Amino acid sequence: MLELRSSSATMSVRHDAGFITALALAVACIVLVPVTHNEFALSLGTKVGLNTLLAGSLTLIYRTGRLSFGHVGFMGICAYVQVLSANKWGLDFAAAAGLSLAVTALVAALVAWVSIRFKNIQFVLVTFCFSELMYLALLNFVTVTGGANGITEIEPVSLLGFDLATPLRFYALVWVIALALVICAYWFYKTPLGRSALAIDTNEHLAASTGINVVGVRTAIFIVASTVAGIGGILLVQHQEYAAPDSFTYLVSLDLIVIMVIGGRRSVWGALVGAIVAAILPELLRSSHDAQHIYYGIAVLVILRFLPRGLASLPRRFGTGWARRGKS
Amino acid sequence: MNVTFILFQVGLNSIVSAAILALTAIGFTIIFGIMKVVNFAHGAFYAMGAYLMYLALTAFHLPFALALLLVCIAVVLIGMGVEWLLLRDSRGDQEVSLIATIALTLVIVNSLLVIFGPSPLHVPAPVDGTLQIASAFVPKVRVYIIVAALILLVVLYLLIKHTRQGRALRAAVSDFQTAAVQGINPELYYPLGFGLGVGLAALAGALTAPIFQATPYMGDRPLVMSFVIVILGGLGSIPGLLLASALVGCVINVVGFFAGGTMAEMILFAMVIVIMLIRPSGLIGKGDI
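In order, the protein sequences belong to chains P and S.
Mind the numbering: the first sequence is residues 1465 to 1792 in our numbering, read in order.
Mind the numbering: the second sequence is residues 73 to 361 in our numbering, read in order.
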């Protein structure tokens, strides 16, 4: 296991060409969707981009050996602070977004301070309690958050006076951010800090013994990734044009974890692949209306059964298979 | 409403919740102890128990106690089958097992939805009428459920504590590898552990069904609460688990009565975070786990 992971890390370094090919392929697909002039495809594509961003940032935390259930809490905080500060104080979109991201980073630092020293199982529980607490707060403090009805008055997204609220421009915005995350993640794992994170993921104690500051690296990545989840939260609210507590229940955490695992937990492409599958599979199953979630569950079980390392491991699997056949 | 009434009402509800939660959480801790898996399907099996109880009571007209026994046995067998079919290959891989149980929840809950429909089903109560205690009137069914749950807890405790199989199970829960070295067969105890765990969840679901009715999503909160209780009590500690169940049952009902359900849950989750900060290994934790 240990050897496998470290070799996959060095392989990814050697395979810049592979990454760029995959990126070109992804960009081609992303550009092709709006060409179809299909409103539904565009909306679905936006959703895939959002999930790529959210599950991708979750993967960053996962690759430090911690599974966070707090993601949806940060999405909620950030989205609500953005919407409320824009509505109550008349801030423009970008200023409100900046403020809300700062607040989110601060809360993430606080949650990290509380939870990062725990073992994974306690970490899961504490981050879970945090996100449930956020959800209940959104539900309960009706005078501020509007309670279960939520807020339907959302200021449309614009940056530097440039309106981004049309479906096409919003789609482009979401994907620029999502791909930026993928590229940053790829670059990040080549930096010393990124290598430290991978070392912690592989063997926490060994990493600590070589002088890596395990708590420090985890905290830094947790804060950054949780703030990225905040961006995802803002975009989600923009996409659905309302903010309501129901968009921020722990079920979202479960969805993101499913996306991450079926895509590939230790790949920068995992989130993207998982998000595509999670968006398309239910659509394919829509004909069997009532039973669609049953089939979705079965499909996930089948993927797990045959590809426990996720769909993003498929090319490499074939790759090594061919390489072996070539040698013999 | 006088003070005695409130005391009785809230106290009784607290005991019902605590007993049911303890049953559910013991199942959860067995699964976590043996497989190191946070079983996200626990709530789904809880609901499955309630629906099977509904079937046993309305379609087959079985007596309550017999129905309870059969439901429990059926779900233990289903659980063993599920472990053997779906979770066997991912033993030891926490995340894959976790996602597998999430996917399992999707399958079970939506199957219940398709088969039984979304509206709550009324599960017949074993006894009717009310009981007068001092000046308060209490539905007999609640008393019945409390007595049944407490009897089950005691029986379970005796089985786990004083039988050979129970000892093997405890050994497997506390340290599976060492237990395996001592001749406890993983091929038997992995499926059996999962089966027993979800069987207890189903038992709890079946027991509460006459009070709360059966809905496909009825297991959501018990799942979350079991998770909270197991960590709060200290992983693998049965006394800790009972203490945590009592605590959670009281907070939910007492705070819920005075300030509403959402507030009660907020206070509960905040309390969990604070307790975890002060005692990271749980109320009665055995240090580092």
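Backbone N, C-alpha and C define an ideal beta-carbon position, used for all residues, glycine too.
For clarity, every value in this text was computed on a predicted model and none was experimentally measured.
- For the segment 1757-1770 of chain P, the beta-carbon criterion of a distance under 8 Å to any beta-carbon of chain S is satisfied by His-1757, Ile-1758, Tyr-1760, Gly-1761, Ile-1762, Val-1764, Leu-1765, Leu-1768 and Arg-1769.
- At a cut-off of 8 Å between beta-carbon atoms, Asp-200/S makes no contact with chain P.
- Just measuring C-alpha positions, the residue of His-114/S, Ser-89/S and Ala-91/S sitting nearest Phe-100/S is His-114/S.
- In the DSSP assignment, Ile-205/S falls within the unbroken beta strand (DSSP E) covering 202-205.
- At the C-beta level, Thr-1528/P and Ile-1685/P come within 8 Å of one another.
- Counting along the chain, Gly-255/S sits inside no alpha helix (DSSP H), nor does DSSP assign it H or E at all.
- Here Ile-1698/P is near Gln-1546/P, since their CB atoms are less than 8 Å apart.
- For the segment 1595-1629 of chain P, the set of residues with a beta-carbon nearer than 8 Å to any beta-carbon of chain S comprises Glu-1596, Leu-1597, Leu-1600, Ala-1601, Leu-1603 and Asn-1604, in chain order.
- Using a CB distance cut-off of 8 Å, Glu-337/S counts as an interface residue toward chain P.
- In the same chain as Val-181/S, and ignoring 5 residues on each side of it, the C-beta atoms closer than 7 Å to its own belong to Ala-116, Ala-119, Pro-288 and Tyr-289, in chain order.
- The C-alpha of Tyr-1706/P is placed about 30 Å away from the C-alpha of Met-297/S.
- Scanning its chain for C-beta atoms nearer than 8 Å, with the 5 sequence neighbours on each side dropped, one finds around Ile-356/S the residues Gly-305, Gly-306, Ser-309, Pro-311, Gly-312 and Leu-315, in chain order.
- Inclusion of Leu-1602/P and Gly-1540/P in the CB contact set at 8 Å is warranted, their separation being smaller than that value.
- Distance check between Thr-202/S and each of Leu-193/S, Lys-212/S, Pro-196/S and Val-195/S places Lys-212/S closest, using alpha-carbon atoms only.
- In the structure shown, Ala-274/S falls within a helical segment according to DSSP collapsed to helix, strand and coil.
- Counting other Cβ atoms within 10 Å of its Cβ, Arg-236/S stays below 16 and is therefore classed as exposed.
- By a beta-carbon distance limit of 8 Å, Phe-1594/P does not contact Ile-283/S. Their separation comes to about 31 Å.
- Interface residue (Cβ-Cβ distance to chain P less than 8 Å): Leu-349/S is classified as such.
- In this model, Val-1567/P and Ala-342/S are separated by some 20 Å (Cα to Cα).
- The shortest CA-to-CA distance from Leu-127/S to any of Ile-303/S, Ala-146/S and Ile-347/S is the one to Ala-146/S.
- If you compare the alpha carbons of Ile-87/S, Gly-83/S and Leu-93/S with that of Asp-292/S, the shortest gap goes to Leu-93/S.
- Counted as a single uninterrupted DSSP element, the alpha helix (DSSP H) harbouring Gln-166/S occupies residues 166-188.
- Taking a beta-carbon distance threshold of 8 Å, Arg-1729/P counts as an interface residue toward chain S.
- Proximity of chain P to Pro-311/S at the Cβ level (cut-off 9 Å) is not reached, the minimal Cβ distance being about 19 Å.
- Gly-1614/P and Leu-1624/P have their C-alpha atoms some 28 Å from each other.
- Ser-1622/P is bridged by DSSP to Asp-1627/P.
- C-alpha of Gly-238/S to C-alpha of Leu-231/S: approximately 6 Å in a straight line.
- Listed along chain P, the residues sitting closer than 7 Å to Ser-183/S by beta-carbon distance are Ile-1758.
- Among the bridge pairs identified by DSSP, Ile-1615/P is matched with Ala-1707/P.
- Distances from the CA of Gly-83/S to each of Val-219/S, Ala-336/S, Asn-325/S and Ile-350/S were compared; the closest alpha carbon is that of Asn-325/S.
- Residue range 1480-1499 is occupied by the alpha helix (DSSP H) that includes Ala-1481/P.
- About 4 Å separates the beta carbon of Ala-122/S from that of Ala-281/S, a gap short enough to meet the 8 Å contact definition.
- Here Ser-353/S is buried. Its C-beta has 16 or more other C-beta atoms within 10 Å.
- Apart from sequence neighbours up to five positions away, no residue of its chain approaches Phe-132/S with a beta-carbon distance below 7 Å.
- If only uninterrupted alpha helix (DSSP H) runs of at least 4 residues are considered, those enclosed by the segment 1633-1692 of chain P are 1656-1666 and 1668-1673.
- Residue contact with chain P for Thr-173/S: absent (no Cβ-Cβ distance below 8 Å to any residue of chain P).
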